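Colleague: Below: one structure in structure tokens.
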Amino acid sequence: MKYAFIERYRRHWPVSVLCEVLGVSPSGYHQRRQRTAQAKPPRGRVSNDALLANLKAIHTQTKGEYGWPRMWKELLTQGVRVGKELVRKRTAQHGIRARHKRK
């Protein structure tokens, strides 16, 4: 909140004055500003809707033969960064289950 205030009013007031009033060191403000400028978006992360669409697509492509562990491994090979617990929960939540082989 303090950094956003400084960023907003730095054209009207000197940064040193704003930092002093808000109790922030100027070097801390500049380091924070530099970090946010260089921040990269998370790569490979997927939203819940996109994850569900991927899970349903894998389920139909494999004709329901893959359970959640193999679906998770398939997502990893496709480059989707997702945890296995999230895949397990989403498949259970939406009723996506593997077919069982007959004996």
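Counting from 1 along the sequence shown, just add 1 to a position and that's the residue number in the working numbering. Using N, Cα and C, we set each Cβ at its ideal position, and we do this for glycine too. Since this is a predicted model, take the numbers as computed values, not measurements.
#1: Take the Cβ of M72 as the centre, count every other Cβ of all protein chains shown within 10 Å, and call the residue buried at 16 or more, exposed below.
#2: Kindly indicate which residue of R11, V47 and E21 has the alpha-carbon position closest to the one of Q79.
#3: Please report the straight-line C-alpha distance between R103 and E75, rounded to a whole angstrom.
#4: Give the DSSP-derived three-state secondary structure of K102 in the structure shown.
#5: Measuring alpha carbon to alpha carbon, tell me which residue in L77, R82, W69 and A99 is nearest G90.
#6: Alpha carbons only, please: which of L87, A99 and M2 is nearest the one belonging to T61?
#7: Closest to K3 by CA distance: which of E86, Q39, P15 and L19 is it?
#8: Taking only three categories from DSSP, how would you classify M2?
#9: Taking the straight line between their C-alpha atoms, what separation do you get for I59 and P27?
#10: Return the Cβ separation of L52 and H95 in integer angstroms, given the expectation that the two are a contact with Cβ distance under 8 Å.
#11: Going along the chain, which residues of its own chain have a beta-carbon closer than 8 Å to the beta-carbon of F6, five neighbours each way excluded?
Modeller: Judging by the given coordinates:
#1: buried
#2: V47
#3: 24 Å
#4: coil
#5: In the sequence as presented, Gly is not what sits at residue 90; that position holds Lys. Considering only alpha carbons, the answer is W69.
#6: A99
#7: L19
#8: coil
#9: 52 Å
#10: With 8 Å as the limit, L52 and H95 do not qualify as a contact, their Cβ atoms being about 10 Å apart.
#11: L19 and L23
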